[in-house]
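Going down the list, the sequences are from chains W and L.
All letters in the first sequence, in the order written, are residues 79 to 429 by the working numbering.
All letters in the second sequence, in the order written, are residues 63 to 362 by the working numbering.
Everything below concerns the one structure shown next.
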Amino acid sequence: MKIKNLYFLLVASLIVFGVSSCGTKTEAKKDCQMKVGIVFDIGGKNDRSFNAAAWEGVRRAERDLPICLYDVEPGNPTSIEPAMRAFAEKNFDLIIGIGFAQGPIMQKVADDYPEIKFAIVDGVIFEKDGKTPKQNVASLVFREHEGSYLVGMIAAQKSKTGVLGFVGGMDIPLIHRFKTGYEEGAKSVNPNATVIANYVGVTDSAWNNPGKGKELALSQINQGADVIFTAAGNSGLGAFDAVERFGKNAEGEANKFVIGVDSNQNGVKPGFVLTSMVKRVDNAVYDVVKEVLGGNFKGGFHVFGLDKDGVAYMMDENNRNLISPEILQRVEEARGKIVAGEITVTDAMAK
Amino acid sequence: MSEIFTIALLFSTIRFATPLIFAALGGMFSERSGVINIALEGLMLAGAFTAAVITFETGNPFLGLLCGMIAGAVLALVYAVACIKFEADQVVAGFGINILMLGLPALLSGAMYDSAGSTEQIAKADLLPEFFGINIASFLAFLLVPVCWYVLYKTPFGLRLRATGENPAAADAAGVSVNKLRYTAVVLSGVLAAAGGAYLSIGQSSLFTRGMTAGRGFIALAALILAKWRPVQVLLACLFFGFTEALTIPLANIKTASGENVPVQFIQIIPYVLTIIVLAGFIGLSRAPKALGIPYRKEK
């Protein structure tokens, strides 16, 4: 290769990488009454789903409250613990861990720093006896099966084929909870409905493999599925691409639908997203920050179900026309019954 | 069985095989010249990330693909300098590149989009187009196979490349500039592997996510060895690996006699188990280019 060509490559690469270095932004912060550190899950804070919901919550807290916010997006599971300990060493007032994978880590770190307050989403932390909820940790858990039940009802009523898809991220009990709720909800309106369930993988890379997510969705569509519920972080976005491939019919309605998860994903592919099973991680972390600031932090388990709007199905301008009032009415009735305890949705994690 | 072996499975196989074909053909040039290329994974990530960013910013997937390939070339050049000029251990340097590319895109995307985990999603209209349900990149991958075959076996460049990988001293004596040729081969492998990565982010998916290659670079390497470093066999090996990957999807829904699903872990190890079986048992004598992994120092 000629030297000239090499120079060309070098210059081109500088342009490629140079473009990317101008985006850094730092925000000088007003008075800082409290330092909050948040450690995200492997998906990263902009997964438009689970982590994004947590990010939205702490950002709102940063805007509204006199706090300083620091965040870490760990590159792999082994960098979670150092990040958490680094926050603790610097005497942060509150450290938030996002995702079930941080449970065992926070268990150790919270033991070592009893003076610091912790919060974990999707995990439960006990004292050393293994029974009492840990006092300096707020364990924020959600009743995902309840919300999934409702979107399952919507999916089954919307489906023309009676075949529904479910694309899970990692094959773990937490994700099974989405699936069983979804299936039960679907069968409650159409006993003949079938749910085809696939999982992206069995390691944490399962949250970051949109190509595989798309393949799974396409395979389910091929088997007749016309509504697909995802609970797979970044991989779920592949399912969004998959349904978009099938376009819209003559009336301008999508032929295949996807149901988003955790954050409101209705706007990710407007018209193709039937609804989103939102998990109000944002509200939960916001409230924890507020409680710590106000001095009324409570350790132990905080459970968010349909009753507290901790989980919900999302209606907005993007999907208002996709779901008829009759469907909504039926879903709302079921919602009332679940809250009142008349319907019990199976919790796959309780087994 | 008929519900498993469908036309959809064929399409799925092609989609899974496409990035492997690019990467394995890339690896072939590098290894045929005598440089181990364990960095395929990192080179793919470089291509995937750059393509996703450029396509998102400009809305032109072909420009994205081109820039991705350039990024792959640049990164491969770094690798080549380490391995050829400084005679670094090729496996260690290759892993260095892979680890670098787990971190660097995250750093850049964190700076650009305030999100280390993924880049912004690209609109469908701006992705690499599809024809007859098959992505243009897949056609390109299949087209590359005869091209690579021709280059490797029918051109002076290919002859010199093969000679360099087998007996660099003899090639040198015959007037071939061994190290110059190796630089070219490694950079070429970066270009091709990066194209495979770009397909992942702007063809198959619509964004870059951290570590999105998920081991495909290593599968490509396995395919290359299975194919005994020959282009047509590379295609077949990649199709085989693509097929095993595609097969896991319908298999996951097969019920056992008692009506239970087969545990997904068993299904998902199929490609890897098959890889081991095939590599260990069925390919027979696999002879790598003789000078593979050995830096060449010209006698003064």
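No residue lacks a Cβ here, since even glycine has one placed at the ideal position from N, Cα and C.
- Restricting attention to Lys123(W), Ala271(W) and Lys347(W), the CA atom closest to the CA of Ala173(L) is found in Lys123(W).
- A Cβ of chain W is located within less than 8 Å of the beta carbon of Leu164(L).
- In this structure, Lys257(W) sits away from Asp171(W), with a CB-CB distance that is not shorter than 8 Å.
- For Asp149(W), the enclosing beta strand (DSSP E) starts and ends at Ile145 to Val150.
- Put simply, of Leu166(L), Gly195(L) and Glu192(L) the residue whose alpha carbon is nearest the alpha carbon of Thr181(L) is Leu166(L).
- At a cut-off of 8 Å between beta carbons, Leu297(L) makes no contact with chain W.
- Non-local beta-carbon contacts of Leu162(L) in its own chain, meaning distances under 7 Å to residues more than five positions away in sequence, involve Gly104 in chain order.
- The beta carbon of Val280(W) sits closer than 8 Å to some beta carbon of chain L.
- Membership of Asn276(W) in the beta strand (DSSP E) is indicated by the continuous run Thr272 to Gly279.
- Within the region 139-171 of chain W, contact with chain L at the beta-carbon level (separation under 7 Å) is assigned to Glu151 and Gly153.
- Among the CB atoms of chain L, one or more fall inside 8 Å of the CB of Ser297(W).
- Between Gly414(W) and Val229(W), the alpha-carbon positions lie close to 14 Å from each other.
- When Cβ-Cβ separations below 8 Å define contact, Leu214(L) makes no contact with chain W.
- Membership of Gly373(W) in any alpha helix (DSSP H) is not indicated, and neither H nor E is assigned to it by DSSP.
- Rounded to whole angstroms, the Cβ separation of Val202(W) and Phe379(W) is 6 Å, and the two are in contact under 8 Å.
- Note on geometry: alpha-carbon atoms of Lys186(W) and Ser237(W) lie some 46 Å from one another.
- The region 134-149 of chain W makes contact with the region 356-374 of chain W: 3 or more CB pairs, one atom from each, lie closer than 8 Å.
- Ala187(L) counts as exposed, since fewer than 16 other C-beta atoms from the protein chains shown sit within 10 angstroms of its C-beta.
- Asn229(L) has a beta carbon lying at 8 Å or more from every beta carbon in chain W.
- Taking the beta carbon of Tyr277(W) as reference, the chain L residues within 9 Å of it are Ala314, Val326 and Gln330, listed in sequence order.
- Glu228(L) is positioned such that its CB atom lies closer than 8 Å to that of Lys352(L).
- Each residue's CA atom was taken as its position, placing Gln183(L) and Pro192(W) some 41 Å apart.
- In the DSSP assignment, Thr306(L) falls within the alpha helix (DSSP H) that extends over Pro293 to Leu313.
- Here Pro218(L) carries a helix assignment [DSSP, helix/strand/coil].
- Proximity of Ile306(W) to chain L, defined by a Cβ-Cβ separation below 8 Å, is not satisfied.
- Following the DSSP letters along the chain, one finds Gly121(L) in no alpha helix (DSSP H), marked with neither H nor E.
- Less than 8 Å divides the Cβ of Ala199(L) from the Cβ of Gly265(L).
- Leaving aside the five residues that flank Leu218(W) on each side, the residues in its chain whose CB is nearer than 8 Å to its CB run, in chain order, Ala197, Ile198, Val199, Asp200, Val359, Ala362, Val363, Val366, His380 and Phe382.
- Rounded to whole angstroms, Gly89(L) and Ser251(L) show a C-alpha spacing of 5 Å.
- A Cβ of chain W is located within less than 8 Å of the beta carbon of Lys186(L).
- In the structure shown, the three-state DSSP call for Ser354(W) is strand.
- Ile120(W) is positioned such that its CB atom lies no closer than 8 Å to that of Ile174(W).
- With a 10 Å radius around the Cβ and a threshold of 16 neighbouring Cβ atoms, Thr156(W) comes out exposed.
- Annotation: Cβ neighbours of Leu269(L) in chain W (cutoff 8 Å, chain order): Pro288, Asn312 and Leu315.
- Counting along the chain, no beta strand (DSSP E) covers Leu189(L), and no H or E run does either.
- Chain-ordered, the chain W residues with CB closer than 8 Å to the CB of Gly172(L) read Glu151.
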